Every structure is written in structure tokens, then in C-alpha cells.
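Visitor: Residue numbers (the UniProt record's numbering): 1 to 290. Handing you this structure, nothing more for now.
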Amino acid sequence: MIAWALALGVLAVALAWPVPVTLSAAHWPAARPAVALALWQLIALAGGLSMIGSLLLLGSAPAGSIVGAAEALLPHFFDGDLPPGFGVAHLAALTLAVGLAVHLSLNLGLTVARAERERRRQHHLIAVLSDPLPDSPQTRVLPHPVPLAYCVPGVRTATVLTDGLVSALDDRELAAVVAHERSHLDQLHHLVLVAFRAWHSALPWFPIANRAERSVTLLTEMLADDGAIREVGADPLRRALARLGTAGEPGAYADSGGVAPDAMMLEARLARLVPADPQADPRDIRPHAA
């Protein structure tokens with residue numbers, strides 16, 4: 001069991017530092033955001049499980065199995081004695097494993113609860129303050145001069161625009177923005193984002209947690225861009241992004257404590273929308289790596 005514990009520990013260290021650092025610095029995710037997003041989820045899940053598993057195996061080594069360790073330790077839980085073969089180091093490893101699992105689970109629950117409260121608040125405000133866009137009842141328009149667009153997930157979904165946005169964009173640009181926000185909803189990006197927000201909240205001192213959340217936020221934006229491109233083309237989306245900048249997408253996710261798109265993310269997104277051939281028809285632009 002010691003060998004397996006060490007192997008899982010090495011894997012946990014690799015997934016906690018060099019692997020995510022390498023992935024966050026790579027250029028290929030811009031061309032394959034779906035693959036990169038799946039890889040980030042695998043890294044996060046495997047990293048947490050390998051760390052907890054390594055500690056469990058290390059602490060259970062004297063008994064030969066995790067079940068055996070539980071059977072040996074539970075009768076001594078209240079009398080303070082340790083069974084033969086177990087030492088303070090084994091007990092510490094088991095305590096850390098259980099504590100880490102509980103800590104991550106509680107943070108996930110609290111993060112989901114905060115996101116749910118923010119989602120309910122957004123839906124309430126939308127119902128009171130907005131009007132449906134003509135011929136599109138799931139798209140709501142708020143009377144506000146600042147150009148903004150965001151989506152609110154849930155059983156009832158909504159795409160929210162402001163008067164300022166509607167007046168700032170032409171019809172094709174507006175269609176591109178709406179398609180982008182609907183892609184977020186259709187692809188359930190809020191579920192991925194809330195998991196990485198929970199990871200960052202659980203380990204705020206861990207640099208990789210912040211880097212992972214930023215990378216995943218950018219990848220979801222790129223995937224939503226791809227959805228808009230398939231529906232209306234790249235050129236209207238590029239023009240809309242250039243006009244609105246980062247001010248166009250606050251989002252309920254950012255309002256609940258998540259990462260908000262910034263200038264660096266906008267630059268990366270726009271780089272994917274530049275045609276390789278300057279003479280190409282804008283309707284034929286496809287995302288490519290920057």
C-alpha cells in the first residue's frame with residue numbers, strides 16, 4: 001500500500017503544479033476549447049481524488065486496506081489508544097484525508113448555494129424590470145443605457161440585454177451576442193464554472209486554483225463564441241466584441257464571486273476570429289489558434 005500511496009502522491013503533485021501550469025500556458029486550447037475544457041475537469045477531479053487517496057492509503061497501510069483500518073481504529077475512537085502498528089503519522093494522514101474531503105465538499109455546497117441565491121435574485125429582477133424582446137420571449141431587455149448582455153441559467157433560463165446594447169449594435173451583431181449567451185445556457189457552462197469556483201474558494205492560497213478558474217472561464221467564452229459563429233458567422237461576433245469590449249458581459253457567475261472576463265480574455269477571443277486570409281469572405285471565418 002505504501003507504493004500505491006507514493007504513486008498517487010506523485011500523481012497528485014504533478015496534477016497540482018506542472019501539468020496545469022503547462023496547460024494554462026499552451027496555445028492549442030484556443031483551437032480546441034472543448035478538449036481543453038474536458039482536460040481541465042479531468043485534472044481537477046483526478047488531482048483531488050489522488051491526493052485524498054494517497055493520504056488514505058498511507059494512513060491505512062498497517063491494516064492492509066482502508067476497510068481494515070476503519071475496523072481497527074473505530075473501536076479505539078473514544079479511548080484514545082491506537083491499535084498495534086498504527087502511529088501518529090498514520091492517524092494524521094487519515095485525518096488530513098477526511099478533512100480535505102469534507103472541506104472540498106462543503107465548499108462546493110456553499111458555492112452552489114451562493115450561485116443559486118444569485119440566480120434567483122437575477123431572475124426576480126429580470127421579471128420585475130425587463131420586457132421580452134419582440135419575437136423572442138426568452139430574451140429580456142432591461143431599460144439601461146450601458147450596453148450589457150448576460151445569461152441566467154436554471155430551470156427557467158433567460159438571456160438579458162440592455163437598451164444600450166440593442167441601440168449600439170446592428171441586427172447581425174445583436175444576433176451574434178444573443179447566440180453567444182444562448183450557447184452558454186445550452187452547453188451548461190454554469191455547472192462547470194461553479195465547480196472551479198468552489199475549488200478556488202476551497203484553496204484560495206493555491207495559485208493553480210486561480211489559474212484553472214481563469215482558464216476555464218476563457219474556454220467557456222470561446223465555446224460560446226463558436227456557437228455564435230455556427231449560427232450567424234464570425235464577422236458580426238467580432239464586430240460586437242470589438243464595440244462592447246469586456247464591459248458587455250458581467251454575468252451572474254461573476255456577480256456571485258466568479259472570474260469576470262477581462263481585457264486579456266477579450267484579446268484571446270478576438271485573435272481566434274481573424275481570418276487567416278485577409279481576402280476571405282467574413283462568413284467563412286473559422287476559429288483558429290492565436
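Where a beta carbon is used, it is the ideal one built from N, C-alpha and C, also for glycine. Since the structure is predicted, the reported quantities are computational estimates derived from the model, not experimental observations.
Let me know the secondary structure DSSP gives glutamine 187 once reduced to three states.
Guide: DSSP places glutamine 187 in coil when its eight states are reduced to three.
Visitor: How would you write the range of the alpha helix (DSSP H) that serine 54 sits in, first residue to last?
Guide: Looking at the DSSP string, the run of the alpha helix (DSSP H) that includes serine 54 is 33–60.
Visitor: Let's see if you can read the secondary structure: which residues bound the beta strand (DSSP E) around threonine 111?
Guide: Segment 88–129 is the alpha helix (DSSP H) holding threonine 111; no beta strand (DSSP E) there.
Visitor: Grouping DSSP H, G and I as helix and E and B as strand, with all else coil, what is alanine 252?
Guide: Any reading at alanine 252 needs caution, since the residue's pLDDT is 48, under 50, leaving its predicted position unreliable; the model's value is listed next. Helix.
Visitor: Starting from the N-terminal side, write out each stretch of the beta strand (DSSP E) that is 3 residues or longer and does not extend beyond the segment 152–221.
Guide: Within the segment 152–221, the complete beta strand (DSSP E) runs of at least 3 residues are 158–162.
Visitor: If contact is defined by three or more beta carbon pairs under 8 Å, each pair taking one atom from either stretch, is the segment 7–14 in contact with the segment 44–60?
Guide: Contact between the segment 44–60 and the segment 7–14 is present, because at least three Cβ pairs lie under 8 Å.
Visitor: Quick check: the segment 197–215 against the segment 168–187, are there 3 or more CB pairs under 8 Å?
Guide: With the cut-off at 8 Å, the segment 197–215 and the segment 168–187 do not touch.
Visitor: Do serine 54 and alanine 92 have their beta-carbon atoms positioned less than 8 Å apart in this structure?
Guide: The answer is no: Cβ separation not under 8 Å.
Visitor: If we ignore side chains and look at the alpha-carbon of each, how far apart do leucine 129 and arginine 121 end up?
Guide: Each residue's Cα considered, the two are about 12 Å apart.
Visitor: So, with DSSP's three-state summary, where would you put proline 83?
Guide: Of the three classes helix, strand and coil, the one that applies to proline 83 here is coil, per DSSP.
Visitor: Cutting at 6 Å between CB atoms, please list the residues of its own chain near glutamate 173, excluding the five before and the five after it.
Guide: Once the five neighbours on either side are set aside, the close Cβ partners of glutamate 173 are Pro236, Arg239, Ala240.
Visitor: Is the segment 11–27 in contact with the segment 202–219, if contact means three or more CB pairs nearer than 8 Å?
Guide: In short, these stretches touch, since the Cβ pair count reaches three.
Visitor: Determine the extent of the alpha helix (DSSP H) in which arginine 239 is found, giving its start and end residues.
Guide: Per DSSP, arginine 239 belongs to the alpha helix (DSSP H) from 234–244.
Visitor: Give the C-beta separation of leucine 266 and proline 147 to the nearest angstrom, bearing in mind that I take them to be a contact with Cβ-Cβ under 8 Å.
Guide: About 14 Å separates the two Cβ atoms, so there is no contact after all.
Visitor: I need the DSSP call for proline 20, collapsed to helix, strand or coil.
Guide: Three-state DSSP puts proline 20 in a helix.
Visitor: State the Cα-Cα distance for the pair alanine 263 and proline 207, rounded to the nearest angstrom.
Guide: Cα to Cα, alanine 263 sits roughly 20 Å from proline 207.
Visitor: Residue range of the beta strand (DSSP E) that valine 146 falls in?
Guide: That residue, valine 146, is in no beta strand (DSSP E); it is neither H nor E in DSSP.
Visitor: For leucine 266, report the span of its alpha helix (DSSP H) as first-last.
Guide: Per DSSP, leucine 266 belongs to the alpha helix (DSSP H) from 263–271.
Visitor: What number of angstroms, rounded off, separates the C-alpha of tyrosine 253 from the C-alpha of aspartate 79?
Guide: Because tyrosine 253 carries a pLDDT of 48, less than 50, the predicted location of this residue cannot be relied on, and no value is offered for it.
Visitor: For glutamate 71, is the classification buried or exposed, using 16 other Cβ atoms within 10 angstroms of its Cβ as the cut-off for buried?
Guide: Exposed.
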